[in-house]
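These notes concern the structure reproduced below.
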Amino acid sequence: MGMFSALDSSASGTKVSRIWLDAISDNVANVNTTRPFEEEPFRARLVIAQAYENGDNRGAMVTGITRREGEPEVTFDPTNPYANEAGYVKRPMVDLSEEMTNMLIAQRSYQANLSVMDRVRDAYKAALSIGVK
Amino acid sequence: MTPVSPISAFGSIQPITDTFSAGSAGGVGGAKGVTGGINFSDALAKVQDSLDSADQLSQQLATGQLTDVHDFTVAANKAQLAVQLTVQLRNQALSAFQEIMRMQI
Amino acid sequence: MQIFTDRTMAALQASLTGEAQRQRVTSDNIANVNTPGYHAKRVDFESSLARALDRKAASTVSIEQSTAEPWLSLNGNTVSLEAETAVLVKSGLHYEALVSAVNHRFTVTSTAIGGK
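Residue numbers (the working numbering), protein chains in the order written: chain A, 1084 to 1216; chain B, 38 to 142; chain C, 882 to 997.
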C-alpha cells in the first residue's frame, strides 16, 4: 500500500517522539532528586532511536533506553539529609537546559509526524473525490 | 371495378446496427447512417473494457493490494463517463430515428 | 441478478464488513490503553479474502481476530496509541475508498437502466 506505508512511517515517528518525551519528563521530574552518597545518583534516561527498513515498511524505532554515563557532580551541601560525613552530596545527572531543549525538539517532531499523517490522509481523500460532483 | 393492384411489400428493414455502423466512428466515408457513422459495436466493446478494468482495480482495492488509490478512481470515472456517453449517443440516435420515421408517414 | 452479486461486489462487501470490524476492535484497544495486562487485538480479513478470490468456486470470507505481538511494557499492556491511531486512520480511508467503489458500480448500473 503506497500511501498507507507513509502513514505507518509517520506513526512510528510519532511513537519515537512520544517515548522521548516520556524519558525527558522523567528526567525533569528528577532534576533535584538526591540519594544517599553510597548509592548511584539518578542518571538521566537517553533514548536510542534507529531507522528500520523492511521492504516497503520504513520508519524509526526505539532500540533501547540507556542511562547517562560518567561521574556525577559532587557538591558541598551539609544541610542535605543525604550528605555524607564530609557534607558532600552527589547531584543527579540531569542537565536541565539540555532537557528543556530536547523537549522542544521532541515536541516539534511529534507535531511534524502528526502533520504528515494529516497530509497523507488529505491526499487520499482528494484522490477519492475525483469526479464527485 | 378494377382490381386494386397489390400493395408492394416494404423494402426489407435493415437492422439498426447496419444503419449506424457505416464506417469508422465519426468517420468521413460513412455518411449512410442517420447518426453519421457511429460504430456502436466498437463503442460498446470499449465501454465493456473500461468497466472490466475498473472492476479489476476494485477487486485489488478490496484485498488491499492496490498501491495507488487514484488509479482506481480515475478508471472508475472513465468507465462511468464512457457509459454515460454511450447512453447519450443511443438516445440521440433513437430520437433521430423516430424523427425520420415520423417524416416518412 | 448477476449485476448485483458478482465477485467484485461480494469482495467489496466483505471488505467493508472486515474494515468495520477492524474499527470496532481498534476503538476497543484505544479504550483500554491504560488497562494493566490488556493485549492489543488485531483483525485480519485480507488473507481470507485474497484466498477466496483466487479460488474459482464460491467460498466464504472469515474475519480473524488475533492478539498483537507483545512488547516490553510496564504493566503488561501492549497497546501503542500511535500504532492504533494509524490503524484507525488507514481503516477509515480504506472504508471510504470501498464505499466509492460500490457507488461507482451502482452509478453505472443506474445510468444504463435510466438511460439518462
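For each residue, glycine too, the CB sits at the ideal point set by N, CA and C.
Please work out which residues of its chain come closer than 6 Å, Cβ to Cβ, to P1175(A), disregarding the five sequence neighbours upstream and downstream, and give them in chain order.
N1113, T1116, P1124 and F1125
Which one or two residues does DSSP pair with M1144(A) in a beta bridge?
Q1133(A)
Identity of the residues DSSP links to V1172(A) by a beta bridge
T1158(A)
Q51(B) classed as buried or exposed, judged by whether at least 16 other C-beta atoms fall within 10 angstroms
Any reading at Q51(B) must be qualified, since the residue scores a pLDDT of 48, below 50, and its modelled position is unreliable; the value itself is stated next. Q51(B) comes out exposed.
Out of T1146(A), V1157(A) and W1103(A), which one is the CA nearest neighbour of R1118(A)?
V1157(A)
Residue range of the beta strand (DSSP E) that includes R923(C)
According to the DSSP assignment, R923(C) belongs to the beta strand (DSSP E) that extends over K922 to D925.
Please list the residues of the region 912-937 of chain C that have a C-beta atom closer than 8 Å to any C-beta atom in chain B, keeping them in chain order.
Result list: E927, L930, A931 and L934.
First through last residue of the beta strand (DSSP E) which encompasses S947(C)
E945 to T948
Within 10 Å of its beta-carbon, does A1169(A) have 16 or more other beta-carbons around it, so buried, or fewer, so exposed?
Label assigned to A1169(A): exposed.
Are the C-beta of E945(C) and some C-beta of chain A separated by less than 9 Å?
no
Would you be able to state if there are at least three C-beta pairs under 8 Å between the region 962-974 of chain C and the region 893-905 of chain C?
yes
Can you list, in chain order, the residues of its chain whose CB lies under 8 Å from that of A895(C), leaving out five sequence neighbours each side?
Short of 8 Å from the beta carbon of A895(C), and not among the five residues preceding or following it, lie these beta carbons of its own chain, in chain order: F926, L930, A933 and V942.
Under the three-state DSSP convention, the category T1149(A) falls into:
strand
Where does the unbroken alpha helix (DSSP H) through V914(C) begin, and where does it stop?
Note, V914(C): premise wrong, no alpha helix (DSSP H); not H, not E.
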